Structure formats: structure tokens, C-alpha cells
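Note sheet for the following structure.
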Amino acid sequence: MREAPPAAWAEAARSARDRAYVPYSGFAVGALVVTTDGRAFFGANVENAAYPASICAERVALVKAATEGETPPAALIVVADSAEPVTPCGVCRQVMAELCPPEMPVYLGNLAGDWIRTTVTALLPGAFGKEALSGHGGRAE
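For reference, each letter of the sequence shown is one residue, going 1 to 141 in UniProt numbering.
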């Protein structure tokens, strides 16, 4: 659904994008996690010459919130300089499925001001989660 996040959230995600470290691709992404009590956690992608060691903006923001005890988050906002609203990679979608409520709003945008509002479940239907590990040696709680 075409729906923009609150203007302050969009601006905060764009500002986080300015902190990206992208010497190889030049594709800067900014992310913002907003908690139910209004706290904000910013993320920007950080590349590495050993490409698998790079990390996406979404995961930076989500991990920062999680390590501060702020789970589950209330919303995720992601923005990049892309033709269409940016979409999270598969790894980010899996991390979102782990750390976020299934119906949490996720706002995906670009610098042109195009936005899409979706949910974690819509981005990764049938996600593999801790329930799948229950009874199979996993420590699902």
C-alpha cells in the first residue's frame, strides 16, 4: 500500500543514510527502528572489502534496538536512492521475522519520496522461526 511514514521518521531514516559506509557499491541505505515508547535506533549499511562481512542498515538498527532491550520494535523505516522504494534483502527479512511482530509496519522508501507500507509477514510469508525448532533440540521459548 502506498503510504508514507510520519515525516519525522522519514527524515530520520534519510539522515541515518548519510552515515553509510559504502566505498564499493556507493548504494547508501538508512534505517530507523521506532519502539513502542518512542525511542529511535538508527542504522546505515556498512560495506567491507570481504563482501560477506558487510551489514545492511536494517540489521544495524534492529540489532541496536535488541541489544538495548527494546524488542519488539513498533515500526521499521528504510530508505535508499533507488528508482522504486527499496526492499530488504532476504537476510534482513529473516532477522525481521525473528525480532519483530509479524504485523509490524515496515515503511520502504526512496529519496524521491515514494513510499510503500507493508508488514513483516508480507515481506517473508511462511518465515522459519523459533517455533520450527521446538522439539528438535532448539531452545525455543
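Ideal placement from N, C-alpha and C gives every residue a C-beta, glycine not left out.
Everything numeric in this text was worked out from a predicted model, so none of it was measured.
Within the continuous alpha helix (DSSP H) that includes residue 59, where are the two ends?
From DSSP, the alpha helix (DSSP H) with residue 59 extends over 57-67.
So the candidates are 53, 65 and 54; which of them puts its Cα closest to the Cα of residue 32?
Ranking the options by Cα distance to residue 32, first place goes to 65.
What alpha helix (DSSP H) runs, 4 residues minimum, are completely inside the UniProt domain "CMP/dCMP-type deaminase" (4-131)?
For the UniProt domain "CMP/dCMP-type deaminase" (4-131), whole alpha helix (DSSP H) runs of length 4 or above, ordered along the chain, are 7-17, 57-67, 90-99 and 120-123.
Grab me the residues of residue 27's own chain with a C-beta within less than 7 angstroms of its C-beta, minus the 5 sequence neighbours each way, in chain order.
Around residue 27: 80.
Taking all protein chains shown into account, decide if residue 107 is buried (16 or more other Cβ within 10 angstroms of its Cβ) or exposed.
Result: buried.
Where does residue 42 land, buried or exposed, given buried means 16+ other C-beta within 10 angstroms?
Buried, by the Cβ-count rule.
Kindly give me the distance between the Cβ atoms of residue 133 and residue 96, rounded to whole angstroms, as I take these residues to be in contact under 8 angstroms.
So it is not a contact: roughly 18 angstroms between Cβ atoms.
Is it the case that the Cβ atoms of residue 21 and residue 47 are separated by a distance below 8 angstroms?
A contact, by the Cβ cut-off of 8 angstroms.
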